[in-house]
Structure formats: structure tokens, C-alpha cells
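What follows is a short report on a single structure.
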Amino acid sequence: MNEIGLTHILFLSAILFFIGVYGFLTRRNMVTMLMSIELILNSVNINFVAFNKFLHAGKLDGTFFTIFIITIAAAEAAVAIAIIIHLYRSSKSIDVNDADLMKF
Amino acid sequence: MSASIVIFYILAAIILGGGILAVTAKKIFRSAIYLLFSLMGIAGLYFYLNYEFIAAVQIVVYIGGIVVLIIFSIFLTHASGKDMEKPKLISVIVSGLAAVFACAIVILLINNYSFVATTNTAIEPTVKNIGRQMLSTTEHGFILPFEVVSMLLLAALIGSIVIALKPKTEA
Numbered sequence: 000m001n002e003i004g005l006t007h008i009l010f011l012s013a014i015l016f017f018i019g020v021y022g023f024l025t026r027r028n029m030v031t032m033l034m035s036i037e038l039i040l041n042s043v044n045i046n047f048v049a050f051n052k053f054l055h056a057g058k059l060d061g062t063f064f065t066i067f068i069i070t071i072a073a074a075e076a077a078v079a080i081a082i083i084i085h086l087y088r089s090s091k092s093i094d095v096n097d098a099d100l101m102k103f
Numbered sequence: 000m001s002a003s004i005v006i007f008y009i010l011a012a013i014i015l016g017g018g019i020l021a022v023t024a025k026k027i028f029r030s031a032i033y034l035l036f037s038l039m040g041i042a043g044l045y046f047y048l049n050y051e052f053i054a055a056v057q058i059v060v061y062i063g064g065i066v067v068l069i070i071f072s073i074f075l076t077h078a079s080g081k082d083m084e085k086p087k088l089i090s091v092i093v094s095g096l097a098a099v100f101a102c103a104i105v106i107l108l109i110n111n112y113s114f115v116a117t118t119n120t121a122i123e124p125t126v127k128n129i130g131r132q133m134l135s136t137t138e139h140g141f142i143l144p145f146e147v148v149s150m151l152l153l154a155a156l157i158g159s160i161v162i163a164l165k166p167k168t169e170a
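Line by line, the protein sequences give chains A and B.
Here the first sequence is numbered in numbering that gives the first Met the number 0, starting from 0 and rising by one per residue.
Here the second sequence is numbered in numbering that gives the first Met the number 0, starting from 0 and rising by one per residue.
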């Protein structure tokens, strides 16, 4: 416990990941579910950076994965919010239980 | 307790506190603001680990981009002063237990695993090194994923405009 090592950061990211999972399971609102997904993706990024720093300092691969995950998360958030706004226009609700447009 | 350890625990408290409040807050706008604090703490953690470029990208993309986008979508879809519908008690208990036990298992596994670090000389994650390797066409370059992700961004840009466009019949 004298120095902050890899395990401390892995504990932090594990707890953050399961906070995101808890939010994803309990929230019934699409925007808040999207926020939970952002928390999960961020915990993954922390893991990549920590492994890059502490285990594979001779490479930069963890850094690149983090950059690509951030980029894809931004694209995903933009498309998700476009879908949410469109759904709100057509059904006046963004509760996941009310979304049954594709029900057969 | 050196200053470094104290700073790490402060950052961890900001990240986890912000995260917990973001998934439990009653008002959706507050939830977004707590998410902002959590993401800011994560940017601080990257600064703490000396990954300045990632920290800058985190601030620009997440805090300046995604959270602002989420706040705008809240304004477009909610009466943001109202409380949100509460989750069912059974759902809170079951998801809480699932998350706590899964978290305990993961922490136990991390605690028992002995990580072996590489002995290669370290490459500093400076902007210069990152840029050179990302745009290099040699064996360890990342030019192909870079180009693919640029196509993905273009597709997402056009796709989100098309999806969110108002249908012409309403206008």
C-alpha cells in the first residue's frame, strides 16, 4: 500500500465498470442508459492505459486502443442520440418499455 | 502517505462518487452533471499516469463533446426539472447484488493474479511518438485502423443527420 500500482487502478476501473452495469440494469430511460454505457467504456479505457503504463511500457498499443475507443464512443453517442430524438418525435417517450415500433 | 497516494485517492473518490451519483440521481440533468465530474476525474487520472495526450482527448471528446450532446438531448426530450420514474425495488436489489458480487469476484481475481511487467525500454507516450507510430505504414503502424475509423466517423455523421432529420410531411 506504499505506492499506487497496477492493482489499485484495476480495482478502480472494476468498480467503475460495475457502477455502469448497475446503472444500465436499473435505469429505464434511454439517455441515462447511454450515460451508463459511457461509464463502462471509460473504465475499459482506464484499464488499457494502466496496462500500457505498468506492463507494456515498451509499446504504445494501449494508447492507440484508448484513442480508437474514444472515437468510436463519440460516433456511437451521436448515432444513439439521433435515434433517441427520432424516437421521441414519433412516440413522445424515451422509456425503453414504450419502444415497440419494431415489434412484429 | 505521500502526496501521490493522496492525489490518487482524491481522484478515485471523484470518479467513483460521480459515477454512483450519475446512476442513482433522481433528476436527469443532475445525473448528466455528475457524469461530467466522473469523466473529469478520469481525465485527471490520465494526467496522473503521465498520459497527457489521452487526458486532453478525454477532455475534448467526452467533456466537450459527448456530455454536451447528452445535455442537449435532455433538453430536447425531457422536462428536466421533474424527477424521473423510480426503478422498481426488485430490479434495484437484483441488479445491485449482481453488480456487487461480480465486482467482488473481479477484485478477488485481480488480487490473486501476479502481473509480469515487460523489461523493454519504455516509450514515452508523447504526442510525437503517438503521431509517428499511428501514421506509420510499417509493421506496428496504425494507419489502416486510422483510415477505417475516419470512414466510420463520416458514416456516423451522415447517419445521425439522416436519422434526426425532420420528415418533410410534417414541415
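We treat Cβ as the ideally placed atom computed from N, Cα and C, and that holds for glycine.
CB contact below 8 Å: residue i versus chain A
| i | result |
| --- | --- |
| residue 51 (chain B) | no |
| residue 157 (chain B) | no |
| residue 75 (chain B) | yes |
| residue 34 (chain B) | yes |
| residue 60 (chain B) | yes |
| residue 208 (chain B) | Here chain B covers residues 0 to 170 and nothing more, so residue 208 (chain B) does not appear. |
| residue 101 (chain B) | yes |
| residue 18 (chain B) | yes |
| residue 168 (chain B) | no |
| residue 46 (chain B) | no |
| residue 22 (chain B) | yes |
Through-space distance from residue j to residue i, alpha-carbon basis
| i | j | result |
| --- | --- | --- |
| residue 93 (chain A) | residue 24 (chain A) | 16 Å |
| residue 22 (chain B) | residue 121 (chain B) | 38 Å |
| residue 152 (chain B) | residue 70 (chain A) | 8 Å |
| residue 105 (chain B) | residue 85 (chain A) | 38 Å |
| residue 53 (chain B) | residue 3 (chain A) | 20 Å |
| residue 126 (chain B) | residue 63 (chain B) | 20 Å |
| residue 68 (chain A) | residue 59 (chain A) | 15 Å |
Interface flag, residue i vs chain B, CB-CB below 8 Å
| i | result |
| --- | --- |
| residue 15 (chain A) | yes |
| residue 90 (chain A) | no |
| residue 95 (chain A) | no |
| residue 36 (chain A) | no |
Same chain only: Cβ atoms within 8 Å of residue i, ignoring 5 sequence neighbours per side
| i | result |
| --- | --- |
| residue 57 (chain B) | 38, 41, 42 and 45 |
| residue 81 (chain B) | 26 |
Residue i: contacting residues in chain A (beta-carbon distance under 9 Å)
| i | result |
| --- | --- |
| residue 136 (chain B) | In chain order: nothing, as chain A lies at least about 15 Å away. |
| residue 7 (chain B) | 3, 7, 8 and 11 |
Under 8 Å from the C-beta of residue i: neighbouring residues of chain A
| i | result |
| --- | --- |
| residue 148 (chain B) | 67, 70 and 71 |
Sequence-distant residues of its chain with Cβ nearer than 7 Å to residue i (five each side left out)
| i | result |
| --- | --- |
| residue 50 (chain A) | 61 |
| residue 17 (chain A) | none |
Proximal residues of chain A, C-beta to C-beta of residue i below 7 Å
| i | result |
| --- | --- |
| residue 117 (chain B) | 54, 55, 56 and 57 |
| residue 105 (chain B) | 13 |
| residue 13 (chain B) | Here the premise fails: no neighbours, minimum Cβ distance about 11 Å. |
| residue 56 (chain B) | 66 and 69 |
Under 9 Å from the C-beta of residue i: neighbouring residues of chain B
| i | result |
| --- | --- |
| residue 100 (chain A) | Residues of chain B passing the Cβ test: none, with the nearest at roughly 13 Å. |
| residue 30 (chain A) | 27, 30, 31, 69, 72, 73, 76 and 77 |
Nonlocal neighbours in the same chain, by C-beta distance under 6 Å from residue i, ignoring five residues either side
| i | result |
| --- | --- |
| residue 134 (chain B) | 142 |
| residue 8 (chain A) | 49 |
| residue 79 (chain A) | 33 |
Listed by chain order, chain B residues near residue i by CB distance under 7 Å
| i | result |
| --- | --- |
| residue 41 (chain A) | 38 and 41 |
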